[in-house]
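Peer 1: The following block contains the structure, expressed as structure tokens.
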Amino acid sequence: MSTQPQSLSPAKNEPLPGISLGGRTNVDPAEDKRPVPAKVQIQELSFFYGTHQVLRSVTLEVPKDQVTALIGPSGCGKTTLLRCLNRMHDLYPGNRYEGSVKLQPEGIDILGPGMDPIQVRMRFGMVFQKPNPFPKSIYENVAYGLRLQGMSKRRELDERVEKALREAALWDEVKSRLHGLAHNLSGGQQQRLCIARAIATDPDVVLFDEPTSALDPIATSKIEELIVELKKRVTVVIVTHNLQQAGRISDMTAFMYLGELIEFGETNRVFTNPAKPQTEDYISGRFG
Amino acid sequence: MHFAGDSIVLPEHFLEHQKGRALRRKAIDRWFGRLGLILTLGTLGVLAILLLNLAANGLFRIDWHFLTSFPSRRAAEAGVLSAWVGTALLMLVTASLAIPLGVAAGIYLEEYAPKNKWTDFVEINIANLAGVPSILYGLMALGLFVYKFRFGQSILAGGMALGCLVLPIVIVSTREALRTIPAMIREAAFALGATRWQAVWHHLLPYSTGGISTGVILAMSRAIGESSPLITIGALTFIAFLPPPAILDHAPFVSFSWLFSPFTALPIQMFNWVSRPGEEFQANAAAAGLLLMVITLGMNGAAILLRRHAQRNIKW
Numbered sequence: 001m002s003t004q005p006q007s008l009s010p011a012k013n014e015p016l017p018g019i020s021l022g023g024r025t026n027v028d029p030a031e032d033k034r035p036v037p038a039k040v041q042i043q044e045l046s047f048f049y050g051t052h053q054v055l056r057s058v059t060l061e062v063p064k065d066q067v068t069a070l071i072g073p074s075g076c077g078k079t080t081l082l083r084c085l086n087r088m089h090d091l092y093p094g095n096r097y098e099g100s101v102k103l104q105p106e107g108i109d110i111l112g113p114g115m116d117p118i119q120v121r122m123r124f125g126m127v128f129q130k131p132n133p134f135p136k137s138i139y140e141n142v143a144y145g146l147r148l149q150g151m152s153k154r155r156e157l158d159e160r161v162e163k164a165l166r167e168a169a170l171w172d173e174v175k176s177r178l179h180g181l182a183h184n185l186s187g188g189q190q191q192r193l194c195i196a197r198a199i200a201t202d203p204d205v206v207l208f209d210e211p212t213s214a215l216d217p218i219a220t221s222k223i224e225e226l227i228v229e230l231k232k233r234v235t236v237v238i239v240t241h242n243l244q245q246a247g248r249i250s251d252m253t254a255f256m257y258l259g260e261l262i263e264f265g266e267t268n269r270v271f272t273n274p275a276k277p278q279t280e281d282y283i284s285g286r287f288g
Numbered sequence: 289m290h291f292a293g294d295s296i297v298l299p300e301h302f303l304e305h306q307k308g309r310a311l312r313r314k315a316i317d318r319w320f321g322r323l324g325l326i327l328t329l330g331t332l333g334v335l336a337i338l339l340l341n342l343a344a345n346g347l348f349r350i351d352w353h354f355l356t357s358f359p360s361r362r363a364a365e366a367g368v369l370s371a372w373v374g375t376a377l378l379m380l381v382t383a384s385l386a387i388p389l390g391v392a393a394g395i396y397l398e399e400y401a402p403k404n405k406w407t408d409f410v411e412i413n414i415a416n417l418a419g420v421p422s423i424l425y426g427l428m429a430l431g432l433f434v435y436k437f438r439f440g441q442s443i444l445a446g447g448m449a450l451g452c453l454v455l456p457i458v459i460v461s462t463r464e465a466l467r468t469i470p471a472m473i474r475e476a477a478f479a480l481g482a483t484r485w486q487a488v489w490h491h492l493l494p495y496s497t498g499g500i501s502t503g504v505i506l507a508m509s510r511a512i513g514e515s516s517p518l519i520t521i522g523a524l525t526f527i528a529f530l531p532p533p534a535i536l537d538h539a540p541f542v543s544f545s546w547l548f549s550p551f552t553a554l555p556i557q558m559f560n561w562v563s564r565p566g567e568e569f570q571a572n573a574a575a576a577g578l579l580l581m582v583i584t585l586g587m588n589g590a591a592i593l594l595r596r597h598a599q600r601n602i603k604w
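First to last, the protein sequences are chains A and B.
Residue numbering for the first sequence follows this note's numbering, starting at 1 and increasing by one per position.
Residue numbering for the second sequence follows this note's numbering, starting at 289 and increasing by one per position.
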């Protein structure tokens, strides 16, 4: 099993992981029309399961403190792309990355040789399709990431758990039963708990993999409000099947098809005036 | 096929035919259910008769004296002291070998091992090992533990033989317990930056305790009734002394010399009494058998309770 996949095309002049570039010196300001700096720069990223190529040279800049939605028909590679960002694919054998994914402002290539997936995952929070709280107390669920990062003082943990639960708009509902089981919460509450768990460690980016696909409309709208609220302090990437959802909450939208990035731009522009015919077909419901 | 909007009207006799078929199929269904019930009750009945027979023949022999006396030539004075102490110590050795090794092997195979031809081969052979006749474990232990390692015909050799015998059961039940944990729970832990070891230690083991301990107890109740591997390595059938104590009243206060003591065990004591002529010894054998049966059923009951208790907070 490849726990340390080698980047097959490492650019020789790239900085070593951990060395700061002091901002965005490697981004050409002329090309960058957006006022927002990039948080994650995906460059010519290809991904393979065994010999099967799932992502084809995707290049994409995720802007800092905004919501970027990945849309596209089933099997287009959007979830695969999301899971490249925190190296989740490393958990399973037979996968290979090519290209680079740089986390700004440090410019660390998270696919680079010698990059530890565990370190990467500590800077990316992740929220999954179905709520997946641990069968432990509400408190322990939120505290787990903090404990993994070495926090053990009770008072510090208490503070951070409360802060995360408040940010996940769950505090008022659970403050009286923090040590009760997470599984006794409703589905929507469980998903907000999972969001609290993901943001408790102050990650740079939070990845959402169809976070509302198992929830009812009311729980869904709460999660959507929460995501919009979250972008004030964290970068969000969300995979969604729900085009209305992408339209409601995202600033940028990337449309993917058959493992390629077809179109990427501001959500309003992509939805009202798509540049590519495939994007238009998908958005207008002609396929997918 | 008949749809609501079809204009085809089926002939009357066709519907009659269908009705007859449906009745026949329902009858077969009903009869199979009854047959299954009868067979199940029959099997349970045989077990109940066995238990009642043991109780009828042996229950009157079970008293304090029976539990605290050594075997004797006079049946009425004979007891199972050395046998149950031997059985208890054997189980201690068996558990200390089979639990750590079996659980560790189960965790490795389920959570760490790559899926390739080599691990497939290992998996198939673990399943095969579970089916190896127990006397072969006795032969293996005789050659390896008794002679090669020079453990002698001791509690250590016997316990290790039984430990090897039940190891596959522990491995398989550990793997099955781990497999019931959904992949998304593992991913939740990994996504927060847990290592494999942390995921196992903080999540997978605690969530599978119920399944693993059930497997361990079932393995132990299999081991407790085994006699052929113990006879093969040379367990004695008549022992009128106890192994040396494990706790001493002088430094170094603990002693492991009991590990190298000769021993007997409940099934062997029972076998010894069964093979003797005379009604009284048959009663002793029945009493020892009843004791063994009660211990085994008690362990199985404990396994069920433990599983319920451990899983009470876990719903996937």
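Think of the CB as a built atom: it goes at the ideal place given N, C-alpha and C, for glycine as much as any other residue.
If we cut at 8 Å on Cβ distances, does asparagine 95 of chain A have a partner in chain B?
Peer 2: Residue 95 of chain A sits at position 95 when you count from the first residue of the first sequence. So, not an interface residue.
Peer 1: Is it the case that the Cβ atoms of lysine 136 of chain A and alanine 182 of chain A are separated by a distance below 8 Å?
Peer 2: Locating residue 136 of chain A in the first sequence gives position 136, counting from the first residue. Locating residue 182 of chain A in the first sequence gives position 182, counting from the first residue. Yes; because the gap between Cβ atoms is below 8 Å, this pair is in contact.
Peer 1: Which of the three DSSP states, helix, strand or coil, is assigned to histidine 490 of chain B?
Peer 2: Sequence index remark: in the second sequence, residue 490 of chain B carries index 202 (1-based). Helix.
Peer 1: Do you know offhand how far methionine 262 of chain B's Cα is from lysine 153 of chain A's?
Peer 2: Limits of chain B in this structure are 289 at one end and 604 at the other, which puts residue 262 of chain B out of reach.
Peer 1: Would you check if the segment 187-199 of chain A and the segment 118-133 of chain A touch, i.e. whether three or more CB-CB distances between them fall below 8 Å?
Peer 2: yes
Peer 1: Looking at chain A, which residues of the segment 460-485 of chain B have a Cβ within less than 7 Å of any of its Cβ atoms?
Peer 2: Met472, Ile473, Glu475, Ala476, Phe478, Ala479, Leu480, Gly481, Ala482 and Thr483
Peer 1: Counting contacts by CB-CB distance shorter than 8 Å, is histidine 353 of chain B in contact with chain A?
Peer 2: Numbered from 1 along the second sequence, position 65 holds the residue referred to as residue 353 of chain B. Output row for histidine 353 of chain B: interface = no.
Peer 1: If we count the other Cβ atoms within 10 Å of its Cβ and call it buried at 16 or more, is tryptophan 546 of chain B buried or exposed?
Peer 2: Residue mapping note: residue 546 of chain B aligns to position 258 of the second sequence, counting from 1. With 16 or more other Cβ atoms within 10 Å, it is buried.
Peer 1: So, is the C-beta of isoleucine 602 of chain B closer than 8 Å to a C-beta in chain A?
Peer 2: Position 314 of the second sequence, counting from 1, holds the residue named residue 602 of chain B. At least one chain A Cβ lies under 8 Å of isoleucine 602 of chain B.
Peer 1: Per DSSP, what are the beta-bridge partners of phenylalanine 48 of chain A in this structure?
Peer 2: Along the first sequence, read from residue 1 onward, the residue named residue 48 of chain A stands at position 48. For phenylalanine 48 of chain A, which the question treats as bridged, DSSP gives the partners A:Gln53 and A:Arg96.
Peer 1: Are three or more beta carbon pairs between the segment 373-393 of chain B and the segment 450-458 of chain B nearer than 8 Å?
Peer 2: yes
Peer 1: I think alanine 275 of chain A touches glutamate 263 of chain A, with their Cβ atoms under 8 Å apart; what is that distance to the nearest whole Å?
Peer 2: Against the first sequence, residue 275 of chain A aligns to sequence position 275. Against the first sequence, residue 263 of chain A aligns to sequence position 263. With a contact defined as Cβ atoms closer than 8 Å, alanine 275 of chain A and glutamate 263 of chain A qualify at about 6 Å.
Peer 1: Quickly, what does DSSP pair serine 137 of chain A with across the bridge? List them, please.
Peer 2: Numbered from 1 along the first sequence, position 137 holds the residue referred to as residue 137 of chain A. Note: serine 137 of chain A sits in a beta bridge opposite A:Leu181.
Peer 1: Taking all protein chains shown into account, decide if valine 270 of chain A is buried (16 or more other Cβ within 10 angstroms of its Cβ) or exposed.
Peer 2: One-based indexing of the first sequence puts residue 270 of chain A at position 270. Per the 10 Å Cβ criterion, buried.
Peer 1: Would you call glutamine 189 of chain A buried or exposed, if buried means 16 or more other Cβ atoms sit within 10 Å of its Cβ?
Peer 2: Position 189 of the first sequence, counted from the start, is the residue given in the question as residue 189 of chain A. By the 10 Å Cβ count, glutamine 189 of chain A comes out buried.
Peer 1: Looking at chain B, which residues of the segment 97-125 of chain A have a Cβ within less than 7 Å of any of its Cβ atoms?
Peer 2: Taking 7 Å as the Cβ-Cβ cut-off against chain B, the residues of the segment 97-125 of chain A that qualify are Ile118, Arg121 and Met122.
Peer 1: Where does the unbroken alpha helix (DSSP H) through valine 228 of chain A begin, and where does it stop?
Peer 2: What you label residue 228 of chain A is simply residue 228 of the first sequence in a count that begins at 1. Valine 228 of chain A -> alpha helix (DSSP H) spans 217-230.
Peer 1: Would you call the CB atoms of leucine 536 of chain B and serine 543 of chain B closer than 8 Å?
Peer 2: Locating residue 536 of chain B in the second sequence gives position 248, where the first residue counts as 1. Locating residue 543 of chain B in the second sequence gives position 255, where the first residue counts as 1. In this structure, serine 543 of chain B lies closer than 8 Å to leucine 536 of chain B by Cβ.
Peer 1: Flag this pair as yes or no: are the beta carbons of leucine 430 of chain B and isoleucine 521 of chain B separated by less than 8 Å?
Peer 2: Here residue 430 of chain B refers to the residue found at position 142 when the second sequence is read from its first residue. Here residue 521 of chain B refers to the residue found at position 233 when the second sequence is read from its first residue. A contact, by the Cβ cut-off of 8 Å.
Peer 1: Taking the CB atoms as reference points, tell me whether leucine 60 of chain A and isoleucine 71 of chain A lie closer together than 8 Å.
Peer 2: Numbered from its first residue, the first sequence carries residue 60 of chain A at position 60. Numbered from its first residue, the first sequence carries residue 71 of chain A at position 71. No; because the gap between Cβ atoms is not below 8 Å, this pair is not in contact.
Peer 1: Can you look up leucine 480 of chain B in the DSSP assignment and give me helix, strand or coil?
Peer 2: The sequence position of residue 480 of chain B within the second sequence is 192, counting from 1. Three-state result, leucine 480 of chain B: coil.
Peer 1: Determine the chain A residues that contact lysine 405 of chain B at a beta-carbon separation under 7 Å, and present them in chain order.
Peer 2: Walking along the second sequence from the start, residue 405 of chain B turns up at place 117. Within 7 Å Cβ-Cβ: nothing; lysine 405 of chain B doesn't reach chain A, min ~13 Å.
Peer 1: What residue does the beta strand (DSSP E) around leucine 207 of chain A start on, and which one ends it?
Peer 2: On the first sequence, residue 207 of chain A is found 207 positions in, with the first residue counted as 1. Run containing leucine 207 of chain A: 205-209, per the beta strand (DSSP E) assignment.
Peer 1: Can you tell me whether aspartate 351 of chain B sits near the ligand ZN, meaning its C-beta is under 7 Å from at least one heavy atom of the ligand?
Peer 2: Within the structure as shown, the ligand ZN is missing, as the structure has no ligands at all.
Peer 1: At 7 Å on the CB atoms, spell out the chain A contacts of tyrosine 625 of chain B, in chain order.
Peer 2: In the structure displayed, chain B extends from 289 to 604; residue 625 of chain B sits before or after that span and is not available.
Peer 1: So what's alanine 364 of chain B in DSSP terms, helix, strand or just coil?
Peer 2: Counting from 1 along the second sequence, the entry for residue 364 of chain B is found at position 76. Helix.
Peer 1: Taking a contact to mean a Cβ-Cβ separation below 8 Å, would you say alanine 487 of chain B touches phenylalanine 478 of chain B in this structure?
Peer 2: Taking the first residue of the second sequence as 1, we reach residue 487 of chain B at position 199. Taking the first residue of the second sequence as 1, we reach residue 478 of chain B at position 190. Closer than 8 Å, so yes.
Peer 1: Using only the alpha-carbon positions, how far apart do arginine 76 of chain A and isoleucine 238 of chain A sit?
Peer 2: As a working mapping, residue 76 of chain A is identified with position 76 in the first sequence. As a working mapping, residue 238 of chain A is identified with position 238 in the first sequence. The sequence shown places cysteine at residue 76 of chain A, rather than the arginine named in the question. The alpha-carbon atoms of cysteine 76 of chain A and isoleucine 238 of chain A are separated by roughly 15 Å.
Peer 1: Can you tell me whether histidine 491 of chain B is buried or exposed? The criterion is at least 16 other CB atoms within 10 Å of its CB, across all chains shown.
Peer 2: On the second sequence, residue 491 of chain B is found 203 positions in, with the first residue counted as 1. When all chains shown are included, histidine 491 of chain B counts as buried.
Peer 1: Going by CA-CA distance only, name the one from B:Thr483, B:Pro532 and B:Val434 that's closest to phenylalanine 541 of chain B.
Peer 2: Residue numbering aside, residue 541 of chain B sits at position 253 when the second sequence is read from its first letter. The residue with the shortest Cα to Cα distance from phenylalanine 541 of chain B is B:Pro532.
Peer 1: Got a sec: is the Cβ-Cβ distance from phenylalanine 47 of chain A to anything in chain B below 8 Å?
Peer 2: In the first sequence, residue 47 of chain A corresponds to position 47, counting from 1. By this cut-off, phenylalanine 47 of chain A is not an interface position.
Peer 1: Let me know the secondary structure DSSP gives isoleucine 350 of chain B once reduced to three states.
Peer 2: Counted from its first residue, the second sequence places residue 350 of chain B at position 62. Look at isoleucine 350 of chain B here: in three-state DSSP terms it is coil, with no helix or strand label.
Peer 1: Keeping to the same chain, check which residues put their C-beta closer than 6 Å to that of serine 250 of chain A; ignore five residues upstream and five downstream.
Peer 2: Taking the first residue of the first sequence as position 1, residue 250 of chain A is located at position 250. Excluding sequence neighbours, serine 250 of chain A sits near Val67, Ala69 and Thr267.
Peer 1: Just list the residues that DSSP pairs alanine 246 of chain A with in beta bridges.
Peer 2: Numbered from 1 along the first sequence, position 246 holds the residue referred to as residue 246 of chain A. Note: alanine 246 of chain A sits in no beta bridge, so no partner.
Peer 1: Interface residues of chain A around histidine 491 of chain B at Cβ under 7 Å?
Peer 2: Along the second sequence, read from residue 1 onward, the residue named residue 491 of chain B stands at position 203. Result: Phe134.
Peer 1: Assign glycine 107 of chain A to one of two classes, buried (16 or more other C-beta atoms within 10 Å of its C-beta) or exposed (fewer than that).
Peer 2: Looking up residue 107 of chain A in the first sequence gives position 107. With a threshold of 16 other beta carbon atoms within 10 Å, glycine 107 of chain A meets it and is buried.
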